[in-house]
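Numbered per our numbering, the sequence shown spans residues 19 to 213. Using N, Cα and C, we set each Cβ at its ideal position, and we do this for glycine too. See below for the structure under consideration.
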Amino acid sequence: MERIVAKFGGSSVADAGQMRKVKAIVAADLRRRIVVVSAPGKRHPGEAKLTDLLYLCHEMAAMSTDIGEPFGLIRDRFAEIAGGLGLNTAVIRLIDRFGEELTAGCSRDYAASRGEYFSARLIAEFLGGEFIDPAEYIVIRANGTIATESYLRLGERLVDSRALYVMAGFYGSDRNGLVKTFSRGGSDISGAIAA
């Protein structure tokens, strides 16, 4: 069966209601078997972007400043989405562990990538799909280009045409396996690689 890659940006995954629409869109065409998602976008004009909050948490942690307030906003946002979808708290436990990683000194790219990572984890659980971590398959060279083997590695992983895969956008890894992000808006690049 021919497969379609469906890429959903931040506004499409901004809250539980939007994620229900994603589910309906995916279910409406059984060829939509690969879903690539961004971090949840703004719900209203005054709201801080999740990726900006992640960068802020990283900067504050690097200065040994308490990250409680911005981290709480991130955690609460994902908890609200999970609750609205009737999902368990597995992703929230991962977010709590991420808070420890922030204070222990994770990389800036790793911190920024977690919005997409947690979003994809939630959507995979909600859709009953298989979560794909792009850091395991997409290699980003030092000059920002995609290593050729990324296409083969990801293609081999996405081999089952009947399975539903949900992949985080915006990041991959460097040659050493460390998380590396694309430039802002890079989730579209991830969708193109998956296609």
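Contact set for residue i: own chain, Cβ-Cβ below 6 angstroms, skip 5 residues either direction
i: Gly117; result: Phe89
i: Leu222; result: Since the first residue shown for the chain is 19 and the last is 213, residue 222 is missing from the structure and cannot be characterised.
i: Arg51; result: Arg21 and Leu182
i: Leu74; result: Pro88
i: Phe26; result: Val40 and Val55
i: Glu231; result: Residue numbering for the chain in the displayed model covers 19 to 213; residue 231 lies beyond these limits and cannot be assessed.
i: Gln36; result: Ser30
i: His76; result: Arg126 and Ala129
Best match in the options for proximity to residue i [C-alpha to C-alpha]
i: Asp127; options: Gln36, Arg51 and Ser201; result: Ser201
i: Val44; options: Ala129, Leu91, Glu119 and Val23; result: Val23
i: Phe96; options: Leu72, Leu196 and Arg193; result: Leu72
i: Gly28; options: Met81, Gly104 and Tyr135; result: Tyr135
i: Glu119; options: Asp94, Ala80, Glu154 and Gly102; result: Ala80
i: Glu167; options: Lys60, Asp192 and Gly147; result: Asp192
Rounded distance between the beta-carbons of residue j and residue i, thought under 8 angstroms
i: Ile113; j: Ile164; result: Actually they are not in contact, since the Cβ atoms of Ile113 and Ile164 sit about 28 angstroms apart, beyond 8 angstroms.
i: Val177; j: Leu145; result: With 8 angstroms as the limit, Val177 and Leu145 do not qualify as a contact, their Cβ atoms being about 19 angstroms apart.
i: Gly190; j: Ile156; result: 3 angstroms
i: Ile99; j: Asp33; result: 6 angstroms
i: Ile85; j: Thr121; result: 7 angstroms
Burial state of residue i, where buried means 16 or more other Cβ atoms lie within 10 Å
i: Ala66; result: exposed
i: Pro152; result: buried
i: Ser131; result: buried
i: Leu196; result: exposed
i: His62; result: exposed
i: Leu170; result: exposed
i: Leu172; result: buried
i: Ser179; result: exposed
i: Ala186; result: buried
Other residues of its chain near residue i: CB distance less than 7 angstroms, five sequence neighbours each side excluded
i: Thr199; result: Asp127, Ala130, Ser131, Phe188 and Tyr189
i: Leu105; result: Leu140, Glu143 and Phe144
i: Ser82; result: none
Any non-hydrogen atom of the ligand MN within 7 angstroms of residue i CB
i: Ala129; result: Ligands in the displayed structure: none, and consequently the ligand MN is not present.
Exercise. Is the region 122-142 touching the region 97-110 in the sense that three or more CB pairs, one from each, lie closer than 8 angstroms?
Worked result: yes
Exercise. Are there three or more Cβ pairs, one per stretch, closer than 8 angstroms when the region 119-126 is compared with the region 147-165?
Worked result: no
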